[in-house]
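Student: Residue 8 is where the sequence shown starts when you use this note's numbering, and the numbers rise one by one after that. Just so it is clear, CB atoms sit at the ideal spot from N, CA and C, and this is done for glycine as well.
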Amino acid sequence: MTGRLEGKVAFITGAARGQGRAHAVKLAQEGANIIAIDLAGPIPLVPYDSSSMEDLAETVRLVEAEDHRIHFEQGDVRDLEGMRGILERGIAEFGRLDIIVANAGICIPARWNETTPEMFQVTMDTNVTGAWNTVMVGAPHLVVAGGGSIILTSSYAGKKVQPFMVHYTASKHAITGMTRSFAAELGKDNIRVNSVHPGAVNTPMGSGDMVSALTHASESNPALGVMGTPFLPDGTAEAKDIANAVAFLASDDARMITSEHLSIDAGAQYF
8 MTGRLEGKVA FITGAARGQG RAHAVKLAQE GANIIAIDLA GPIPLVPYDS SSMEDLAETV
68 RLVEAEDHRI HFEQGDVRDL EGMRGILERG IAEFGRLDII VANAGICIPA RWNETTPEMF
128 QVTMDTNVTG AWNTVMVGAP HLVVAGGGSI ILTSSYAGKK VQPFMVHYTA SKHAITGMTR
188 SFAAELGKDN IRVNSVHPGA VNTPMGSGDM VSALTHASES NPALGVMGTP FLPDGTAEAK
248 DIANAVAFLA SDDARMITSE HLSIDAGAQY F
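Take a look at the structure:
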């Protein structure tokens, strides 16, 4: 059976594991070849386990198991020129670009008065500047190609608020606004730009000291702990649930959808 993305090429950041890996595998299942990058190393202040080159190698194995090709490199979304070089080498291999998935991001829980300038800066640099860099190096290739689809990963926190994460919430609201702005300007080139807004997702972001960091932060104001309660019994998504939404937005099934903010959060934004 021919996939919805047969013959397409997708550029995915943060692809070593979690949602990024799920996106790479799903888009490959739908027929796309993949250009993938990940820092595959530590970021100071992040409380959960960092991705590794071994993780990225597993993504490569899984994509190739779908009988599709993947160009992968270690890279930092905060490095505009480094990103440009990685993408251009991938395009040289595959000959085109059709889809951009700006997925890379970090999360550092902290009470408002315990948030340091360093926490704020690294969150903005990775989540906001990193997404902007991804679009800036990729969108010109979509213009040349005559169109394409860009998907930015925001969050439940990009529609409502994630308590005890002023810096993270600010960064994900920025992605929501960035989506609208790029969609408005790139529409004339037949480029659609949308954002996805996951709630809780079962990924390695919950590993390491993440739970203890969240617990410490929430003890300062337990009343906020009920915010974001999902409506469905199974309120935690799997990474493949987000990947299914990304694949839809990347495909022609969503050809009339742009500047949209698609939630995959079991209704949590409404509680």
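1. Would Ser227 be called buried (16 or more neighbouring beta carbons within 10 Å of its own) or exposed?
2. To which residues of the same chain is Val84 closer than 7 Å at the C-beta, ignoring the five residues directly before and after it?
3. Measure from the alpha carbon of Phe171 to the alpha carbon of each residue in Ile158, Ala230 and Val203, then state which is nearest.
4. Need the endpoints of the alpha helix (DSSP H) that Ala224 sits in, please.
5. Starting from Phe255 and walking both ways along the alpha helix (DSSP H), at which residues does that stretch end?
6. So, does the stretch 47 to 61 touch the stretch 139 to 158, judging by three or more C-beta pairs under 8 Å?
7. Between Pro240 and Asp272, is the Cβ-Cβ spacing less than 8 Å?
8. Does the stretch 64 to 74 touch the stretch 33 to 50, meaning 3 or more C-beta pairs lie closer than 8 Å?
9. With a floor of 3 residues, list each beta strand (DSSP E) that falls wholly inside the stretch 134 to 214, ordered by position along the chain.
10. Among the residues of its own chain, which have a CB less than 6 Å from the CB of Leu46, if the five just before and after it don't count?
11. Starting from Gln81, follow the beta strand (DSSP E) in both directions and report where the run begins and ends.
12. When the Cβ atoms of the stretch 90 to 100 are set against those of the stretch 110 to 125, are three or more pairs found closer than 8 Å?
13. Quick one: grab the DSSP three-state call for Val53.
14. Grouping DSSP H, G and I as helix and E and B as strand, with all else coil, what is Ala17?
15. Does the stretch 153 to 169 come close enough to the stretch 200 to 216 that 3 or more CB-CB pairs lie under 8 Å?
16. Taking 7 Å as the limit between beta carbons, can you name the residues of its chain near His148, skipping five residues before and five after?
17. Whole angstroms are fine: how far does the CA of Ser57 sit from the CA of Gly213?
18. How far does the alpha helix (DSSP H) with Ala31 in it extend, from its first residue to its last?
19. Terminal residues of the continuous beta strand (DSSP E) containing Ile44?
20. Quick one: what does DSSP say Leu63 is sitting in, helix, strand or coil?
Tutor: In terms of the structure at hand:
1. The C-beta of Ser227 has fewer than 16 other C-beta atoms within 10 Å across all chains shown, which makes the residue exposed.
2. Result list for Val84: Thr20, Met90, Ala111, Thr133, Gly137, Asn140 and Thr141, in chain order.
3. Scanning Ile158, Ala230 and Val203 for the CA closest to the CA of Phe171 turns up Ala230.
4. Looking at the DSSP string, the run of the alpha helix (DSSP H) that includes Ala224 is Met217 to Ser225.
5. Ala246 to Ala257 is the span of the alpha helix (DSSP H), which, as asked, contains Phe255.
6. Contact between the stretch 47 to 61 and the stretch 139 to 158 is absent: fewer than 3 CB-CB pairs across the two stretches fall below 8 Å.
7. Against a cut-off of 8 Å, the Cβ pair of Asp272 and Pro240 comes out as no contact.
8. Touching, yes.
9. Uninterrupted beta strand (DSSP E) stretches at least 3 residues long and entirely within the stretch 134 to 214 occur at 155 to 160 and 198 to 205, given in chain order.
10. Excluding residues within five positions, the ones whose Cβ falls inside 6 Å are Asp83.
11. Where Gln81 is concerned, the enclosing beta strand (DSSP E) stretches over Ile77 to Gln81.
12. Counting C-beta pairs closer than 8 Å gives fewer than three between the stretch 90 to 100 and the stretch 110 to 125, which falls short of the contact rule.
13. Three-state DSSP puts Val53 in coil, outside helix and strand.
14. The answer is strand: DSSP assigns Ala17 an E or B state.
15. Contact holds between the stretch 200 to 216 and the stretch 153 to 169, because three or more Cβ pairs, one in each stretch, are under 8 Å apart.
16. Excluding its 5 nearest sequence neighbours in each direction, His148 has C-beta neighbours in its own chain below 7 Å: Ile98 and Leu104, listed in chain order.
17. Using only the alpha carbons, I get a separation of about 11 Å.
18. Gly25 to Gln36 is the extent of the alpha helix (DSSP H) around Ala31.
19. For Ile44, the enclosing beta strand (DSSP E) starts and ends at Asn40 to Asp45.
20. Annotated three-state conformation of Leu63 is helix, per DSSP.
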